[in-house]
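For the sequence shown, position 250 (counting from the first letter as 1) is numbered 396 according to this note's numbering, and the numbering increases by one without interruption. C-beta atoms are modelled at their ideal positions from N, C-alpha and C, and glycine is treated no differently. Quick caveat, the model's predicted, so the values are computed rather than measured. Contents: one structure, followed by commentary.
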Amino acid sequence: MLEFEFMRHAFLAAAAVALLCGPVGWFLVLRGQSFAGHALSHIAFAGATGAVLIGIAPLLGMTLAAGLAGIALGWEAPAGTPRASRFTSGRDSATGLVLAASLGVGTLFLQWSNAPSSSATALLFGNVLGVNRPTLFLLGGLTTAGILALAVIARPLLFVSLDPDMAAARGAPVRLVSVAFMVLVALSSAVCAEVTGILLAFSLLVGPAATMLRLGLAPWPGALGAALLALGLAWSGLALSWWTDAPVSFWIAALAALTYFAARFYCGRCQSI
């Protein structure tokens, strides 16, 4: 299958997405913000359809819309702080309403742009087999920037995530770190949508991370393991799609769920021994 250029592009794009989504997702699950990551991928849909409407690359629209939403979510209340705990239910309700409204706005933009139904399908469920060379370069650049940014904030982010009260007492920039991280989550959601689509971005962003955390690995091995597992899921999904003609996003979502429940079963057996 690698003799075809579109498959080589697909494998490279999947690798770029997985290596960013794995470690970012690990911190996202650790901080208990999985729902926020899910919401950002849906908000990116409105940005993508808006980009189609004005004639620019959907990936740029997704990145911009999700990035702005990430700043708003990160600024509202840093995860783990007393204020965040006090307003969690209200914030989740507001996030859910914004999520639904974003899908509605995206549908309206698609209608205004007179885009074919295949465009909506590609945005919602992904079209990694259609990644061209310019998009591949853009994905590579965004992934490189995201990994470098995560490396810069990784240590204070871990401190803020594990003990936000102590971090605030030590003078750590809790809000700044939270905003920067949510922007990274937004970037990851946007690039992940190129492989799994808007609706299933959650599987590659959260699935490998939840599996590594379930296994109880230390922080840095866990984040690295999430990246490698995400890479394995993405490449396995592509290979299985080639052999079975089922959608790539289906295989990635199914494998992510299987690995997570296998980890739960394994940990449950270890605790019972």
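Could you have a look at Ile-202 and say whether DSSP puts it in helix, strand or coil?
-> Taking the sequence shown and counting its residues from 1, one reaches residue 202 at position 56. Looking at Ile-202 - three-state DSSP - the assignment turns out to be coil, as it is neither helix nor strand.
Hey, how far is the Cα of Ala-210 from the Cα of Ala-190?
-> Translated into the one-based positions of the sequence shown, residue 210 becomes position 64. Translated into the one-based positions of the sequence shown, residue 190 becomes position 44. For the record, residue 210 in the displayed sequence is Leu; it is not Ala. Near 8 Å, if we compare the C-alpha coordinates of Ala-190 and Leu-210.
At which residues does the alpha helix (DSSP H) containing Phe-283 begin and terminate?
-> Here residue 283 refers to the residue found at position 137 of the sequence shown. Per DSSP, the continuous alpha helix (DSSP H) segment holding Phe-283 begins and ends at 279 to 308.
Residues of its chain near Val-244, where Cβ-Cβ distance is below 8 Å and the 5 sequence neighbours each way are ignored | Here residue 244 refers to the residue found at position 98 when the sequence shown is read from its first residue. Contacts found: Ala-185, Ile-189, Ala-215.
Leu-303, buried or exposed, once every other Cβ within 10 Å from all chains shown has been counted against 16 = On the sequence shown, position 157 is the one that residue 303 refers to. Classification of Leu-303: buried, given that the 10 Å Cβ count is 16 or more.
Straight-line CA distance for Gly-343 to Pro-204?
-> What you label residue 343 is simply residue 197 of the sequence shown in a count that begins at 1. What you label residue 204 is simply residue 58 of the sequence shown in a count that begins at 1. One C-alpha to the other measures close to 12 Å.
For Arg-154, which option in Trp-172, Leu-282, Gly-183 has the closest C-alpha, if you only look at C-alpha atoms?
-> Indexing the sequence shown from 1 puts residue 154 at position 8. Nearest neighbour of Arg-154 by Cα position, chosen from Trp-172, Leu-282, Gly-183, turns out to be Leu-282.
Can you grab the Cα-Cα spacing for the pair Pro-319 / Leu-166, in whole Å?
-> Reading the sequence shown from its first residue, position 173 is the one you call residue 319. Reading the sequence shown from its first residue, position 20 is the one you call residue 166. Approximately 23 Å, taken between the alpha carbons.
Ala-160 vs Ala-380 beta-carbon contact at 7 Å | By 1-based counting over the sequence shown, the position of residue 160 is 14. By 1-based counting over the sequence shown, the position of residue 380 is 234. Closer than 7 Å, so yes.
Quick one: what does DSSP say Glu-149 is sitting in, helix, strand or coil?
-> In the sequence shown, residue 149 corresponds to position 3, counting from 1. In the three-state reduction of the DSSP assignment, Glu-149 falls in the coil class, being assigned neither a helical nor a strand state.
Does the Cβ-Cβ distance between Val-323 and Val-298 come in under 7 Å?
-> For the purposes of this step, residue 323 is taken as residue 177 along the sequence shown, with counting starting at 1. For the purposes of this step, residue 298 is taken as residue 152 along the sequence shown, with counting starting at 1. No. Outside cutoff.
Rounded to whole angstroms, how far is the Cβ of Phe-348 from the Cβ of Gly-168, which I believe are closer than 8 Å?
-> The sequence position of residue 348 within the sequence shown is 202, counting from 1. The sequence position of residue 168 within the sequence shown is 22, counting from 1. Phe-348 to Gly-168, Cβ: 14 Å. No contact.
Cα-Cα, which of Gly-371, Ile-398, Glu-340, Val-352 is closest to Ala-137?
-> Residue 137 lies beyond the stretch modelled for the chain, which goes from 147 to 419, so this question has no answer here.
For Ser-259, collect the residues of the same chain with a Cβ closer than 6 Å to its Cβ; drop the 5 residues on either side in sequence, then sort them by chain order.
-> Residue mapping note: residue 259 aligns to position 113 of the sequence shown, counting from 1. Apart from the 5 residues on each side of it in sequence, Ser-259 sits with its Cβ closer than 6 Å to the Cβ of Val-198, Leu-199 in its chain, given in chain order.
Quick one: what does DSSP say Gly-196 is sitting in, helix, strand or coil?
-> Position 50 of the sequence shown, counted from the start, is the residue given in the question as residue 196. Here Gly-196 sits in helix by DSSP.
Simplified DSSP assignment, three categories, for Ala-385 = In the sequence shown, residue 385 corresponds to position 239, counting from 1. Here Ala-385 sits in helix by DSSP.
Do Ala-162 and Leu-363 have their C-beta atoms within less than 7 Å of each other?
-> Counted from its first residue, the sequence shown places residue 162 at position 16. Counted from its first residue, the sequence shown places residue 363 at position 217. Ala-162 is not a Cβ neighbour of Leu-363, given a cutoff of 7 Å.
Of the listed residues Asp-311, Met-147, Met-358, nearest to Ala-408 (C-alpha basis) = Residue 408 sits at position 262 when you count from the first residue of the sequence shown. Nearest of Asp-311, Met-147, Met-358 to Ala-408, Cα basis: Met-358.
Coarse secondary structure for Gly-178, derived from DSSP in three states = Mapped onto the sequence shown, residue 178 falls at position 32. Secondary structure of Gly-178 (DSSP, three-state): coil.
So is Ala-392 buried or exposed if we call it buried at 16+ other beta carbons inside 10 Å?
-> Here residue 392 refers to the residue found at position 246 when the sequence shown is read from its first residue. Exposed.
Consult DSSP for Gly-371 and reduce its assignment to one of helix, strand or coil.
-> One-based indexing of the sequence shown puts residue 371 at position 225. Here Gly-371 sits in helix by DSSP.
Residue span of the alpha helix (DSSP H) that contains Ala-332, given as start and end = Taking the sequence shown and counting its residues from 1, the one referred to as residue 332 is at position 186. Under the DSSP assignment, Ala-332 falls in the alpha helix (DSSP H) whose first and last residues are 320 to 342.
Between which two residues does the alpha helix (DSSP H) carrying Val-274 extend?
-> Reading the sequence shown from its first residue, position 128 is the one you call residue 274. No alpha helix (DSSP H) holds Val-274; DSSP gives it neither H nor E.
Let me know if Thr-452 comes out buried or exposed under the rule of 16 or more other beta-carbons within 10 Å of its beta-carbon.
-> Residue 452 is absent from the structure shown; the chain starts at 147 and stops at 419.
Using only alpha-carbon positions, find the residue among Tyr-412, Phe-150, Cys-413 that is nearest to Asn-278.
-> Position 132 of the sequence shown holds residue 278. Put simply, of Tyr-412, Phe-150, Cys-413 the residue whose alpha carbon is nearest the alpha carbon of Asn-278 is Phe-150.
Does DSSP put Leu-361 in a helix, a strand or coil?
-> As a working mapping, residue 361 is identified with position 215 in the sequence shown. Annotated three-state conformation of Leu-361 is coil, per DSSP.
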